[in-house]
Each structure stands twice: as structure tokens, then as C-alpha cells.
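*Asks:*
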Amino acid sequence: MTELDWARLSDSLVNFTIVVYALALLGYGIENAFGRRAARAGARAATPSARERVAVSAAPDTKPGTQPDTWPQTQHGTPQNADPGARSGGSSGPAVAGKVGVALTVLGAVLNAGAVVTRGLAAGRVPWGNMYEFAIAASLVAVVVWLVVLTRSGPQVRRLGGFVILPVILLLGIASLLLYVPAGPLVPALNSSWLMVHVAAAIIATGTFLVSFVASVLYLLRSARDRADSGEGRGGVAARLGRRLPAADQLDRLAHRTVVFAFPVWTFAVVAGAIWAESAWGRFWGWDPKETWSAISWLVYAGYLHARATAGWSGRRAAWISILGFTTMMINLFGVNFVVSGLHSYA
Amino acid sequence: MTTVQTPEAGGPVSARVDSVSPSGRPPGTRRAARAPRWLRRSWAYLTSMRTALLLLFLLAFAAVPGSVFPQRGVNPIAVDRYLEENPVLGPVLDRLWMFDVYASPWFAAIYLLLAVSLVGCLLPRLKHHVAELRRPPPRTPRRLDRLPAHASYEADPSVHPREVVQGAAAVLRRRAWRTHVRTDGPDGDPSGVAAEKGYMRETGNLLFHVSILVLLGGLAWGAMGGWRGTVLVQEGETACTTMSQFDQFTAGALVSTDDLPEFCLTLDDFTATYRANGMPEDFVGVVSYGAPGGVEEQARLRVNSPLRLEGTRTYLLNHGFSPVITVVDPEGQMFEGIRAPFLPQDAMYTSEGVFKLPDAKPSQYGFEGYFLPTRPEQGPPIVSMSPEALRPAVTLLAYQGDLGLDGGVPQSVYSLDATRITSGDLERLDSATLEQGETWTLPDGSTVRFDGYDEWATLQVARDPGQFLVLASAVTAILGLVASLLVRRRRLWLRVSPNQESGATVVEVGGLARTDTERFRREFDSLVAGMAVATRQGHEAQSQASDRQAPEATVVRRDI
């Protein structure tokens, strides 16, 4: 196959990917709309707050002679969702739709990976040299992270699928409609082996932060629902939307774990970028808009990790910080590339 | 109450002590007890997690305007343009340091406060961690079966309890647990084991934060002891690293001009290559370098590949064209091969510049001009069609009169003195567009021939003494971060007691993990299995879980 053939194949694979993801979204949507409610009673019975948020003494070194210090007695096991259908995956119609959604997501991920690989073959280099390729690859990362989460957390988180797939479809749509550039070689400034690691790390971090962002948004919806149920909140749209979501603490944990993975990767991306900038632009850090916003995102996510460990800042405030963090990532991706002109304006 | 929340909130600083309330001072601040109350209070406030969190967000927020407004450190020309276009708002913003955000006192105030807060939090934690590392693992809880992970088995009656304990301790030590054998049994026999693992979590956490502080120090050192100079050299020209030869020179407060290394660079050749679609493919500048008067060596400068020399790096920053003309004045005097660097105005290298002929007679000449590497096939030669010199052309506007060079006032080499044009000291003659080799005769009989072009490159020579420190601390920061996020702290206790009926040794094991209990459970099971095998009682081992009944045998068989 010629390079042009590969390029055409890659373009069609992107289109197929969008279609398959859209069908997966439909599957998840059916399950969400017609499936049984994620049992509220069950979530409450598990009392996630009591189990997960045990306040402990911060000074583990107790005086000699007193009781030996122990950590909080957390119980084992994954949170039990009282809805038996949701727990086991179920075999009812809506549950089948959810399973089909997962199968289509896997198929979409394969097509998405195919699009990335063929793009690389078409251009004769790593397939992340411009914004279009960045978006395609970041979508793949987000979906793969979602599938990993699904495998590890069990079928009760399947209801999140649609909420992850929706922004991915959006990202792919923006990529093919607005960001598309024909496959080709790189400008000299990008011709570096650092491109491979720096941009790859940025893509992995972005895709993972996307999943974290989704989990945080859903956490806020679900906790609005929980508060409405306990008579604290006012209910409203958020509470109605949160009705069918998994337990709040599970969403919170998912958001946190994805950040725990993505944050070091993002740190590495920034450092690798600085090393590259040193040899390409004559300084390792120069407050170029892209650099500035990378640092802003880094600070916000560092704040998120700290907030989770600070009394009064975990929970909903931490979720808002995670949302803020992803917002800065998007400003960096779209705002800086399109609005501000800087050294990173290649797209 | 001093509390640390959520056992699994495993952030890099998850256990940072929140000491907003006066009673909850972090360990180690006791020495400050004699300081005045307000000082103690503000120190506690500054080093509290809440304040650090606030400062983190403040720093992130404060960095935003630097990406919105042009910055002097990045693009001084854009700042001047902004000030020109916004005569009212501009000066106000300038007074607020909006064009020097990252060098502003308020930005510095935030990160310095953050650094102080970090130090204030790190010192007590460092002390605490060192104490933890030297202290034996904590005492065994009375009821091991109340711990989240729990198992018990009976050793073979022929094995002495001492050997049972030592065998189990050996298993733990082999897996890098810090193991402490308790010897408070009858006759000084070992009664059990206390073990702990995962100190790397806090070590990594501290390493990360110390690295961040060192990184900040490296940045400061680089800013104070570093310098940067840029110089434009045309092909064949030489520039040396003395301050007077740089077109632009910036240096930190600690730099003296004696510190500059002495070497010279000659641009032997510059080549830009382009693809068929006009996209640049490569830029190569061939430079000769060496000490003044010494042996010269040659190097190829490219984008992404600077020349590293005596602690400095020389980069190719920019490039452009220097058109070459030959002028014959009305008195027949020939000025051959005059060239001047023209500055690119757009991506297609439409370039602007001037030629000055102060020695022409009867009066001086000046030419304002545009150079187009590729003139359009049709239409006026205003903008170039390609950055590649495919059909070079120069459009010149001739002036005659007094250039004003004799007054001793330095002039730009890229423009004529506009006041002399308006005052009539320079009289405009005529204009023409020339392609390579064409000659133009001016009304006064002088001729101008467009000979061709040379290329020029802007070289930047820079030194940043803090750079290595910044890189090293960034690497250790990442290592510390990964350790603090991945490693789990966990504890394990083991107690032996005789079975009253059979006389065999009953071994009870309990375990506790702060994070990721699921993974700890598997590790615990595997450890217990290993210990049971060590006392040759693998198959009869019994295991029980506190909240989940695992099949007896599977626990033991794992990892065998």
C-alpha cells in the first residue's frame, strides 16, 4: 500500500470509529434509561462515608504503654451495589444493551487504534505530530482507560460508559471536522526523538484526565442525589440525573485513581517537554503560553491530590478541582493553539 | 482535632498534617512554643494544608494573565505594540506588572510563600519519618482476629516455637519487610513478630517535595547566574562572545562580563531546505568556532541540535536573506557587492531592510527595500509566494541626501531615519523592482544592479548554571512522586501460642494496610502461605477472613 492508501484508510477508520462509538453510546443509553435504578437503598446501606472516611489520629507514634497504633479498620471487598442486576451484569434486556455497548466500545477501540497506526504508516513517523493526531490518540487512551476501569471495577460501573464515550465522540468529531490535516512529515522543530516521549506522555495524561473528569462530574450528580434523598439538598436537575449512577464513593475513588495514574505521567510530559525545549528553543522554560498552561494544569491537579487529604476539601470540593483541572487541559489544547500564538502553534 | 482523612487518599502529601486549629500543631513545632502567640499562630496557619492549597491555586491563577497579555521576556515587540494600541489601559496594566507577570513581585510573593509553607511542613515530617524509620514496628495488638486481614495455622508439633517464629520472620525478611522478632515469651523465647513495609511511600513523598524546593532553587540560581546573547551573522561574518558584539544581551544579577567565555563563531554557510509544498524540511547553519586567533573547528547547527561549548549552548534562532547590490554613483565610483540583512515580515520571508551608501558622491544614497525570495508570476511584487528563493526580486526606493550617520548617533541598520525624510535631508528619487542580474538607472545617472543574495542566521549563545540542578531535581521529583503514589504502607503481626491439647504451636497472623486493601489481601494470603510452608505445615493450614470466607486451601496454595 502506498502512503496515500494508508492515509485514506486511516481517515475512514476514524469515521468508522465514531460510528461504532455512537452505537456503543446508544447501548449504554438504553441500559441507563430502561435498566433498574442503581439502588439508592443499597448505596445507603453500604454507608460509604462511614466505611471510607474514617478519621484517624495523625500522630501514629503513641506513647509507650498505650495501645499500639493501628490504622482504621477498613472492611474488605468492593462496595456492594444492592441492585443484583447491576452487580452481576444481569441478563435483562437493558443489561444486554449495556453489554453490547461494552462490546462495541472494544470494537471501536480496535478501530481507533487502527486509525492511529495507519496514520503513522501514512506519515512515516509517530502518529502524534499535530492536533488532529493528538485528539485521535487521546480518544483511544480515554477509551482504553475506561475499559481497564470497567475490567477492574466490575459491571456496576458500566452505567458510566455513555458518559465517557460521549466526550470521546465529541473530541473525535472536533478532530475530523476542525482539526484535520493531511498526513505528512513534520516541520523541523518537531523533528526530534523527544516528540515521541513528550507528546505520547501528554496524550496518555490527557486521555486519563478525561476519564477522571467524567467521574468527577458524575460524582457531583450522584452526591446531589444522595443529599436530596437525605433531605439535605434541593434536588433539582443534578439530583435527577444522578439517580441511576453508581455509588458516590465509587465515583470519587475512580476519579482519584485516574488522577493518581495521570499526574506523574503529566509531570513527566512537562519535564520531557522542558528537556526538548532546551535543545530546540534555547531554554528549558520560557513561559510560552503552552508551557504556562501545562504548569497551571499541573498545579491544579497537585491541588486536587492535596485537597483529597485535607479535612473539609475532599468530596465535592475536590471534584470541582478535578473539573477545573480538566478545563485547564482543554484551554491548553484548544484555547492556546487557536487563540494565542506561541511557539507551540503548529496545528 | 488533627485528622487525616480517607485511608485511601494516597496523594503525594496525603498525610500532610492539617494544623489550623491551635491544638493540632504538627509534631516538631514544639520548639516554637516560646515564640509570641501571634507568630506561632501565623506560622501554623502558613504551614497548614489549607493555606498550601490556597497558595497552589493562587499560583495557578496568577500565571494566567501571562498567557493572555504579551510578555516582555517572551516578545518585547508585542508588548510595545500593545502599549501603542491601548494608550489608556496599557500603562495601568504595565504598572500592575501584567507584561512581566513571571518577574513580578506579586508572583514571586506567592511562590515564595508556597516554598516557605512547604519547608514549614516538610521539616516536622522529615523528623517524624526519620524517627519512624529507626523505631521498631508497633506493638502487637491484643486481638489479631479483629484486624482486616487475619489467618491462623498450626505448626508441626515437632517444630520448636522458636523455629516457627524465626521461619516466619525469615519469610518476611526475604520479601523486604522490616521485621522485629519479639522475645518476651517464656524463657526469653520469641513470642511473635511485628513487621512493617512500605516506608518508601513517605520517603518518596518527602523526596518529591524536597525536589520541588531544590528545583525552585535551581531556577533562581539560573535566573541570577545565567546570561543570554543573540547576534545576527551573515554568511562569512564572525561574531565573538563579548557583550558589545551581541545585538541583545540579558544577564542575571550575579553575572559579570568577565565571566563570559571567549570564543568566536563564523557562519560559513546557511541552508534552508523545503519540501515541494513549501513546508520547511531542515535548517542547517555551518559554523566555525574557536578561541580568538586559535584553532577553529566546524560544527553544524540545526534546530534541536545546538552547539555545546564551555558551558554555553549556541542555537540557531532565526534566519533570513541579505540581498546584494552593486551601485555606481554619478561620478563613476563603483560600490560592489553591498549587502544588508533584511528582516522577514511573514512566513514566506517577504523581507524588509535598507542599504546605506555614506561614501557615494556627490551625495549619500539610501535604499529602502523589500526582498521577495519568490516574486509572484503576476501582479505587483509585494508579498513573496514561497520562503524558498525560487525567483528572488528586490523592490527598492532610492533616497539621496544626508543619511545623518556623521552625527555619531547610532542608527538602526534596518531602516532609514524617518525624521530626515520628513525634514527633506533625504530626498526621494525613484523606485523599481529588480530581478537577479537586472540593472536600474536612476534619474541622476547612477546605476543599481541586483546581484543576488546571501543568507543570515541569528545565533543565540546562552548559559544557565542552574539547569543541571533543575533537571536532576525534576527527575528525583518524578521518582519520589511515583513511589509516593504506588507504594502502600502495611503492617503485619504474628503471635505464637501452644495448643493446650496437641502441644503444637498455633500461629496467629494479622495484617493491616492503609491503602488498596484488595491487593494487600492477596499479598497477605501469599505471605501466610509462605510462612506455613516454612514450618512444613502448608496443607493443614487454616485461614479465615474477617469479612469474607475464602476457601481454606486456596489461601495457602497461592504462591507455592
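Taken in order, these protein sequences are the chains called V and G. If you're matching positions, the first sequence starts at 1 in our numbering and goes up one per residue. If you're matching positions, the second sequence starts at 1001 in our numbering and goes up one per residue. Glycine residues also receive a C-beta, built at the ideal position from the N, C-alpha and C atoms.
1) What does DSSP give as the partner residues of G:Ile1338 in its beta bridges?
2) Do we get a CB-CB distance below 8 Å when we pair G:Pro1387 with the residues of chain V?
3) Counting Cβ pairs closer than 8 Å, one from the stretch 1491 to 1506 of chain G and one from the stretch 1219 to 1236 of chain G, do we hit at least three?
4) Please tell me whether V:His198 has its Cβ less than 8 Å away from any Cβ of chain G.
5) Among the residues of its own chain, which have a CB less than 6 Å from the CB of G:Asp1444, if the five just before and after it don't count?
6) Which of the three DSSP states is assigned to G:Glu1521 in this structure?
7) Could you spell out where the alpha helix (DSSP H) holding G:Leu1469 opens and where it closes?
8) Here's a check: name, in chain order, each residue in its chain whose Cβ is nearer than 6 Å to the Cβ of G:Gly1185, leaving out the five neighbours to either side.
9) Across the stretch 1074 to 1086 of chain G and the stretch 1103 to 1115 of chain G, are there enough close Cβ pairs to call them in contact, namely three or more that are closer than 8 Å?
10) Any beta carbon of chain G sitting closer than 8 Å to that of V:Val260?
11) Can you pull the chain V neighbours of G:Phe1524, defined as C-beta to C-beta under 8 Å?
12) Can you find the residues in the same chain that come closer than 6 Å, C-beta to C-beta, to V:Leu171, ignoring five residues on each side of it along the sequence?
13) Per DSSP, what kind of secondary structure is V:Arg40 in: helix, strand or coil?
14) Compare the C-beta of V:Pro289 with all C-beta atoms of chain G and state if any pair is closer than 8 Å.
15) Give a yes or no on whether 8 Å exceeds the smallest Cβ distance from V:Gly286 to chain G.
16) Roughly how many whole angstroms lie between the Cα atoms of V:Gly120 and G:Pro1105?
17) Determine, using beta carbons only, whether V:Thr17 comes closer than 8 Å to chain G.
18) I'd like to check one pair, G:Phe1270 with G:Ala1457: are the Cβ atoms closer than 8 Å?
19) Could you list the residues in the stretch 1184 to 1199 of chain G with a C-beta less than 7 Å from some C-beta on chain V, going in chain order?
20) If the cut is a Cβ gap below 7 Å, which residues of chain V does G:Asp1346 touch?
21) If the criterion is Cβ atoms closer than 8 Å, does the pair G:Glu1262 and G:Pro1292 meet it?
22) For G:Arg1273, which residues from the same chain have a beta carbon less than 7 Å from its beta carbon, with the 5 sequence-adjacent residues on both sides left out?
23) Which residues of chain V have a Cβ atom closer than 9 Å to the Cβ of G:Gln1245, listed in chain order?
24) Assign V:Leu177 to one of two classes, buried (16 or more other C-beta atoms within 10 Å of its C-beta) or exposed (fewer than that).
25) Just checking: is the beta-carbon of G:Tyr1453 within a distance shorter than 8 Å of some beta-carbon in chain V?
26) Tell me which residues of the stretch 258 to 283 of chain V have at least one Cβ-Cβ distance to chain G shorter than 9 Å, keeping chain order.
27) Quick one: is V:Thr328 buried, meaning 16 or more other Cβ sit within 10 Å of its Cβ, or exposed?
28) Under three-state DSSP, which class holds V:Glu232?
29) Rounded to the nearest angstrom, what separates V:Thr2 and G:Glu1085 at their Cα positions?
30) Which of the three DSSP states is assigned to G:Pro1070 in this structure?
31) Using CA atoms only, rank isn't needed, just tell me which of G:Phe1099, G:Glu1368 and G:Ile1478 is closest to G:Ile1421.
32) Under 8 Å, do G:Gln1460 and G:Leu1317 count as touching if we go by C-beta distance?
33) Going by C-alpha to C-alpha distance, which of V:Val100, V:Val148 and V:Phe16 sits closest to V:Leu254?
34) I need the straight-line Cα distance from V:Ala202 to V:Val96, nearest angstrom please.
35) List the endpoints of the continuous alpha helix (DSSP H) containing V:Asp11.
36) Using 8 Å as the cut-off, can you tell me whether the stretch 1138 to 1156 of chain G makes contact with the stretch 1514 to 1534 of chain G, which would need three or more C-beta pairs spanning the two stretches below that distance?
*Replies:* In brief:
1) G:Ile1325
2) no
3) no
4) no
5) Pro1330
6) Position check: residue 1521 of chain G holds Arg in this sequence, whereas Glu was assumed. Correct three-state label for G:Arg1521: helix.
7) Gln1467 to Leu1486
8) Ser1191
9) no
10) yes
11) Within chain V, no residue comes near G:Phe1524; the closest Cβ sits about 10 Å away, beyond 8 Å.
12) Ala135 and Ser139
13) No answer about V:Arg40 holds up, because its pLDDT of 41 lies below 50 and its placement is not dependable.
14) yes
15) yes
16) 47 Å
17) no
18) yes
19) none
20) In chain order: nothing, as chain V lies at least about 13 Å away.
21) yes
22) Checking the sequence shown, residue 1273 of chain G turns out to be Thr, not Arg. Closer than 7 Å at Cβ, skipping near neighbours: Glu1281 and Asp1282.
23) By Cβ distance, chain V contributes nothing, its closest Cβ being about 18 Å from G:Gln1245, past 9 Å.
24) exposed
25) no
26) Val259, Val260, Phe261, Phe263, Pro264, Thr267, Phe268, Val270, Val271, Ala274, Ile275, Trp276, Glu278, Ser279, Ala280, Trp281, Gly282 and Arg283
27) buried
28) coil
29) 52 Å
30) coil
31) G:Glu1368
32) yes
33) V:Val148
34) 36 Å
35) Glu3 to Phe34
36) yes
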